[in-house]
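Each protein sequence line maps, in turn, to chains A and B.
My numbering applies: residue 288 is where the first sequence begins, and numbers increase by one.
My numbering applies: residue 6 is where the second sequence begins, and numbers increase by one.
Structure first, then comments.
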Amino acid sequence: MSLPLDTLLRVETPEAIDLMLRPASVVPRALAYAIDLGIRGVILGLAYLVLGFLGHIGVGLIALLTFLIGWWYMVLFEVLNQGRSPGKQLMKLRVLNDDGTPVGWAGSLLRNLLRVVDLLPFGYAIGILSSLLHPNFKRLGDLVAGTLVVHQERVHARFAMPQVIPLAPPFTLGLAEQQAILAFAERQNGLSMSRREELAALLAEPLGVERSEASARLNRIAQALLGAHT
Amino acid sequence: MRLTESQAVIRPRSPWEALDLGVRLAREHLRVLMISWALLTLPVLALLTAALWNYPSVVILVFWWLKPLFERLPLHILSRALFGETITVRQALTVYPQFLKVQLLSSLLWRRFTPKRSFLLPVQQLEGLSGATRQARVRILTQENTQAASWLTIVGAHIEMALYVGLLGLIYLFIPSQIVEQLDWLKLIDVEAHGLLWIEHLTNLLYALVLLVWEPVYVACGFSLYLNRRTALEAWDIELVFRRLRQRLMGAVHLLVLVGVVGMLLLPPPALAEEITAPAMCPLPPQEVAGPDAPHLLNQPLNSQVARQHMSAILASPPFKNEHTQLQWHVGQQGKDKKSSAESQGMHWRDLEVLLAHAARFLEVLLWTLLVLGTGLLIWRYRVWLKLFTRRTTAKPTSPIDTPHQLFGLEVAPNSLPDDIPGEAERLWHQEPRKALGLLYRGLLSHLLHDFHLPLKEAHTEGEILELSKSMPRADIVDYLHNVTMQWQRLAYGHQMPTQETLKALCHQWRILFNSQVPA
């Protein structure tokens, strides 16, 4: 059986550390692009209004600004702002190289120059198709430049866990199992009462407790896993 | 549905990541999704077109309106495929009529326009809920992820448009330009009046083809959003791990009981209990009261304080610390103030215009300078690369050997020779015959060296030059060289004078060979 389907991309660093990147698909990217388009439109519109009064230098500045915003807006933001244009920042996206390193001038320039190809024949049709078909949702510019648009790492908020007396787990637990028990303790307020009991009951027998007490027991184990001592 | 059979990794994701999973799901089952969608929708479109041939706009409207019904098919396929059940197109199409009846009207009327359509479709189709229970379920589900679901529909509409217009544009690009020139664009605006209905039906077909690409993705994204919401609500990921843990432990417990029974029979009672109850012995080191900065080693002449002084003295002197004073000119602060105050006082609109004009000129100069400098920099940067494209002859290397000015004491540089060598030789013959023959020989060597590029060096002897010259293409010159060399060697080393006829003949031959003019 092949590996289960997931949206993670595993990148191994030279130090043999696995980084998990989360490539972003077409919908959030389209929204980020729409936001950027809007911002650019507003900036240029305002600039035309103001600089239009300044005669020759105004025309010159408008031409410069149009060039700068048309071709360099994305590049400058991506390189100088950790791979995030304002739209991407709002959508919590960022551009990285394929190996997870920050995108550089060459990569960013290339991927943004190739927008010209991606937006053919109309409205980024080629880019959309390419992104839908590629396992890491790359458009042609990303393919050529070797870049990747990923979701930013989330900072997880600590959930309030029930304050109970910790209890060392009665059996050894793997990493995933420890995480699951902690997640159970953290997320139980989001679960219905019956669902919580049902989940805990799965482990009642191995824990050697009644089904009704399993939930409380798991909470105590979670406290111990957090590092609290008896 | 068995979670352990899931073909996708189940974990709580952010709504956007859930959409990513949807795209991946659709891509994974692209074939069956697209074929089944085509087999379902294209015949419907054909029927509609046939029935309403005169009303193409109505055809596409009805077709568009029926989308929620079509979407039930990919959802069925995806829900089966997610839990490991590969389903063929034929199977999917045979069970499809069952879904068709369920809540037909509500899907087509008031639920047609909710942007959360694909997110909520699984509630009625997979959970089979309706009425009040469905309402309650939807209320719980829509507490989160609804934004992403709505954006999915909105972005989806735009993607449909982009692909549709893109496809139209592509077709337009393939129309020969002669036909495009003859096109009457006004006719296209009102096709129905001009009997060009087929064009409109063709664009309808294009829209159906676009849906072929996007609708499976749309349904899969809605489905994955729904899955994600259920995962968060019911902690599916936790259930999965708990089930595996239970399986592991229960299996282990059975084994443990067996091992325990055998162990009790065979082994003396182990001292396991004491080991476990013994407290973990790892005494903390005694608290250091004085830190590393406190004075210590006080009972010896070099105590810590003196040592510290020495150290800081060394660290404050070269090479650890180098101080040097630098004097620089700065733009005076006073002048600046004056200027700005002057500006603020007497600033008129006219001045501003002049200033702006100057600024524009300055900017222009600056930009041109930058362009020139940048171009220069680029050329300099890629000079080696550019050399590849220049003509090779310009970069021809100078001849590898230095052409010598003298060969065995004879001047052979062209400027040391007279223009008319044979004439000069004949003139010299009467006074200094040795010099005359020498001149001929020198002239010949000079020709070989500079006109025929014979690689001669100062170290070569007459015989070697003769050998070298045999590689030359001109056999007549080689013969002539042979003759002159013989005569020269006889005169130079054997002191045997050539006869006047011989010299005349040599001069004559020279004129033939080098085409110089015969003196009158």
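Cβ atoms here follow ideal geometry from the backbone N, Cα and C, with glycine treated the same way.
Buried or exposed by the 16-neighbour rule on C-beta atoms within 10 Å, applied to residue i
i         : result
Val63(B)  : exposed
Glu506(B) : exposed
Val403(A) : exposed
Asp189(B) : exposed
Asp429(A) : buried
Phe118(B) : exposed
Asp481(B) : exposed
Pro3(B)   : Residue 3(B) falls outside the range modelled here, since chain B spans only 6 to 525, and no answer is possible.
Ile415(A) : buried
His443(A) : exposed
Gly136(B) : exposed
Cys287(B) : Residue placement at Cys287(B) cannot be trusted, given a pLDDT of 39 that sits under 50; what the coordinates show is reported in the next sentence. Cys287(B) should be labelled exposed.
Lys462(B) : exposed
Residue i in three-state terms, based on DSSP
i         : result
Pro389(A) : strand
Thr236(B) : helix
Val436(A) : strand
Asp264(A) : The displayed coordinates of chain A run from 288 to 517. Any statement about residue 264(A) would go beyond what the structure contains.
Leu292(A) : strand
Leu461(B) : coil
Ala444(A) : coil
Leu302(B) : coil
Leu412(B) : strand
Ala488(A) : helix
Ala350(A) : helix
Pro493(A) : helix
Ala418(B) : coil
Gly428(A) : helix
Glu429(B) : helix
Pro453(A) : coil
Any chain B beta carbon closer than 8 Å to residue i
i         : result
Leu486(A) : yes
Tyr335(A) : no
Leu513(A) : no
Val496(A) : no
Val314(A) : yes
Glu500(A) : no
Gly342(A) : yes
Ala463(A) : yes
Glu492(A) : yes
Ile508(A) : no
Asp293(A) : yes
Tyr320(A) : no
is_contact[residue i, chain A] using C-beta, thresh 8 Å
i         : result
Phe88(B)  : no
Ser19(B)  : yes
Pro25(B)  : Correcting the residue type first, residue 25(B) is Asp in the shown sequence and not Pro. For Asp25(B), the answer is yes, since a Cβ of chain A falls inside 8 Å of its Cβ.
Val49(B)  : no
Ser41(B)  : no
Val246(B) : yes
Glu469(B) : no
Ala237(B) : yes
Ile243(B) : yes
Trp156(B) : yes
Leu30(B)  : yes
Ala240(B) : yes
N- and C-terminal bounds of the beta strand (DSSP E) containing residue i
i         : result
Asn384(A) : Leu380 to Asn384
Where the alpha helix (DSSP H) containing residue i begins and where it ends
i         : result
Arg297(A) : Here Arg297(A) belongs to no alpha helix (DSSP H); instead the beta strand (DSSP E) covers Leu296 to Glu299.
Asp529(B) : Here chain B comprises residues numbered 6 to 525, so residue 529(B) is not present and cannot be evaluated.
Val100(B) : Val94 to Lys106
Met39(B)  : Leu35 to Ala56
Trp354(B) : Trp354 to Arg386
Arg504(A) : Ala501 to Leu513
Thr395(B) : Neither: Thr395(B) is in no alpha helix (DSSP H) and is coded neither H nor E.
Pro73(B)  : Lys72 to Phe75
His163(B) : Thr151 to Phe179
Tyr446(B) : Pro438 to His455
Arg516(B) : Gln505 to Phe519
Leu333(A) : Val313 to Leu338
Tyr360(A) : Tyr360 to Leu367
For the segment 426 to 453 of chain A, which residues have a CB atom closer than 9 Å to at least one CB atom of chain B, in sequence order? Residues of the segment 426 to 453 of chain A with a C-beta atom less than 9 Å from some C-beta of chain B are His438 and Arg441, listed in chain order.
Name the residues in the segment 160 to 172 of chain B whose C-beta lies less than 9 Å from a C-beta of chain A; which are they? Within the segment 160 to 172 of chain B, the qualifying residues are Val160, Gly161, His163, Ile164, Met166, Ala167, Leu168, Tyr169, Val170, Gly171 and Leu172.
Residues from the segment 467 to 479 of chain A in contact with chain B, defined by Cβ distance under 9 Å: Residues passing the 9 Å Cβ filter: Ala467, Ile468, Ala470, Phe471, Arg474, Gln475, Gly477, Leu478 and Ser479.
Going along the segment 347 to 375 of chain A in order, which residues come within less than 9 Å of chain B, judged by CB to CB distance? Of all residues in the segment 347 to 375 of chain A, those with a C-beta nearer than 9 Å to a C-beta of chain B are Gly347, Leu348 and Leu351, reading in chain order.
At a CB distance below 7 Å, what residues from the segment 94 to 122 of chain B approach chain A? Give them in sequence order. Flagged: no residues at all.
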